[in-house]
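Residue numbers (my numbering), protein chains in the order written: chain A, 283 to 633; chain B, 283 to 633.
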């Protein structure tokens, strides 16, 4: 039995969608149990309308909620009885194996580091969403915003953590890793990308395939795309904006007149397929990599289905021993040695 | 009569598509004349299959071509008889009013600065493509890769130049300007974005609306999106990758079986509309802003239609006095004064 603690109050549609998503996850996964953290009367009211296995559900009552607009560090330190803080405390105390929250990203990142703590050896935890891509699968984008300013070593850790995640949770044996850059040649990018590219080439534990471009996130050949948090955030949201524009254009085109509307009916499954191809909901939340336990940050506007997938991700990360794999990969890299090798290679090229 | 000099040899399908595009542009615009620069026999062979007004076409023969893989500075300096270098020289000498090339981006950027020269007062010329957006129009993204590493003053100039471009060539009266960032709040971004945001607020010549996110490029409310070249490049290509993924998914969905194929026939106009909404070809090339004359960099894989639009853009930039407007806006900004104001504002907030 895997136990996931759930921040039931975080998100635009909390706690209704969180409770519905939890019930769906419990129905699908008989080896899952949960702790729902939040306002007990509200949670019970939602649960009362569902059928579920009561023996696998606990509720922990809290009185506070961290709002999306609050300053994360301040909120985490002062709102001791908020659903987010209490959920992380329960996780830290060993009452659960993993956590899902669709609350404020800043608060989740802060509570993750301050309350739960990062894995020894990880220079910076990172947020890793899965971006739907042309294969029908997804690309692991690491980092997408937890660390705006990065050093090469941070990006090397993102590569290792993203690989461990893809391997242990999605069963991708040797995930290919690319570095998000403005071109594929070795000389491309700012100093950060140039140095990181040189280092990644020397990391034997990952399947590094070199620099990749923005278009390769959704239309490329890599499983894991590595970026500093600022660049990753811009890339993710730029792709998302395109998806939104396509949906809007498609909607408009199919609603133009009666004939268009009839055709929309006739093409319902095809439209559904296209939407599915752009579906951020279906791929669940972003894994917060580099903490001592599995933490999934769901979308702020998570609906039940997306939230259920986030719970599944957290449970699978526990079952796949993702955290141990991250530690193994990080510990296995002798940074001083790969730095020396990268410098040697650079000197060799310059000669 | 506006005269545009055309690098007929640059691009994957040169000179055929360049010649066809030129003929199309001449047909549409009776006040346009051109100089085609490149291999004369090849150009003449292509022209011989077209109907066009010979009195508006000159050919200047060249013997060299700059390849996509060549080092730009070296190529521009050594290949004196390349189509790109000769085209820029003719422009510099006043033989033409504007230039279009779909050759190597690096070579065009280098020749633009070294041969033609930048406008006095412009800290960095920038490449400004138009990204199709949900309105059916486009977003001016400035810079998309000419300057990887930028200072706030460069981004202020990009904002001014992008505004001048939108105004004079597309008739947008008070183009809204956003700064590409990882969130809309003032504290968002790296130091570069924070400082730039503070400066842009003080520039009265533009209609600055604040920080914007990646998704706002295709699904937002700004006409001009300002970014350093690295971030702009990542954003542009990430959106492009999404568009490519959508096209691929759509194609697959409509080709699944005979019934799907029949429906594709029935929905041809709708599919066309969606594709049109993502159409990078239809919006032409990227304006290379900040040089002494109008220069348009067409896509490397320009087909005739896209190339014709690029020529139209260059001609309209000449007619709209875009370059003079850029100079006027840049000269009108007292940088020392807005920097002092931004610092005062920051100090006021800190108190």
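In this text, a Cβ means the ideal position worked out from N, Cα and C, and glycines have one as well.
Computed from a predicted structure; not experimentally measured.
query = Should the region 431-448 of chain A be called in touch with the region 463-470 of chain A, which here means at least 3 C-beta pairs below 8 Å?
reply = no
ask   = Using a C-beta to C-beta distance shorter than 7 Å, which residues of chain B count as neighbours of residue 535 (chain A)?
value = 552, 555, 556
key: alpha helix (DSSP H) runs contained entirely in the region 448-489 of chain B, provided each spans 4 or more residues   = 473-482
key: Assigned exposure category for residue 350 (chain B) - 16 Cβ within 10 Å defines buried   = exposed
request  = Could you check the C-alpha separation between residue 327 (chain B) and residue 314 (chain B) for me, to the nearest Å?
outcome  = 22 Å
message = Using a 10 Å radius around the Cβ and a threshold of 16 neighbouring Cβ atoms, would you call residue 547 (chain B) buried or exposed?
response = exposed
inquiry  = Tell me which residues of the region 475-499 of chain B have at least one Cβ-Cβ distance to chain A shorter than 9 Å, keeping chain order.
reply    = 475, 495, 496, 497, 498, 499
task = Under 8 Å between beta-carbons, which chain B residues line up against residue 513 (chain A)? List them in chain order, please.
result = 512, 513, 516
query = Using the C-alpha atoms, what's the distance from residue 557 (chain B) back to residue 524 (chain A)?
reply = 12 Å
inquiry  = Taking the alpha helix (DSSP H) that residue 411 (chain A) belongs to, which residues open and close that run?
reply    = It is not in any alpha helix (DSSP H) - residue 411 (chain A) carries neither H nor E in the DSSP assignment.
ask   = Where does residue 588 (chain A) land, buried or exposed, given buried means 16+ other C-beta within 10 angstroms?
value = buried
Beta carbon proximity, residue 581 (chain B) to chain A, threshold 9 Å = no
request  = Answer yes or no: do residue 423 (chain B) and residue 487 (chain B) have a C-beta to C-beta separation smaller than 9 Å?
outcome  = no
inquiry  = At the 9 Å Cβ level, is residue 543 (chain B) part of the contact set with chain A, yes or no?
reply    = no
ask   = Whose C-beta lies closer than 7 Å to the C-beta of residue 480 (chain B) among residues of the same chain, with five residues either side of it excluded?
value = 624, 627, 628
ask   = Along chain A, which residues have their Cβ under 8 Å away from the Cβ of residue 526 (chain B)?
value = 416, 497, 500, 501
key: Rounded distance between the beta-carbons of residue 575 (chain A) and residue 383 (chain A), thought under 8 Å   = Actually they are not in contact, since the Cβ atoms of residue 383 (chain A) and residue 575 (chain A) sit about 13 Å apart, beyond 8 Å.
query = With a cut-off of 9 Å, does the C-beta of residue 609 (chain A) fall near any C-beta of chain E?
reply = Among the protein chains of the structure shown, namely A and B, there is no chain E.
inquiry  = Does chain A have any CB closer than 9 Å to the CB of residue 548 (chain B)?
reply    = yes
query = Given residue 611 (chain B), which residues of its chain have a CB within under 6 Å of its CB, disregarding the five upstream and five downstream residues?
reply = 442, 446, 487
message = Please confirm whether residue 291 (chain A) has its beta-carbon closer than 9 Å to some beta-carbon of chain B.
response = no
query = Just curious, the beta strand (DSSP E) that residue 585 (chain A) is in, first and last residue?
reply = No beta strand (DSSP E) holds residue 585 (chain A); DSSP gives it neither H nor E.
message = Less than 9 Å between the C-beta atoms of residue 509 (chain B) and residue 425 (chain B), yes or no?
response = yes
ask   = How is the beta strand (DSSP E) around residue 524 (chain B) delimited, first residue to last?
value = From DSSP, residue 524 (chain B) is part of no beta strand (DSSP E) but of the alpha helix (DSSP H) over 511-536.
task = Using a Cβ-Cβ cut-off of 9 Å, state whether residue 539 (chain B) counts as contacting chain A.
result = no
message = Buried or exposed, going by whether 16 or more other CB atoms sit within 10 Å of the CB of residue 402 (chain A)?
response = exposed
task = Following the continuous beta strand (DSSP E) through residue 314 (chain B), name the residue where it begins and the one where it ends.
result = 314-320
message = Does the CB of residue 532 (chain B) have a neighbour CB from chain A at under 9 Å?
response = yes
query = If you measure beta-carbon to beta-carbon, which residues of the region 451-463 of chain B are closer than 9 Å to chain A?
reply = 462, 463
query = Can you give the Cα-Cα distance for residue 361 (chain B) and residue 352 (chain B), rounded to whole angstroms?
reply = 11 Å
inquiry  = Residues in the same chain with beta-carbon distance under 6 Å from residue 303 (chain B), minus the five sequence neighbours each way, listed in chain order, please.
reply    = 586, 589, 590
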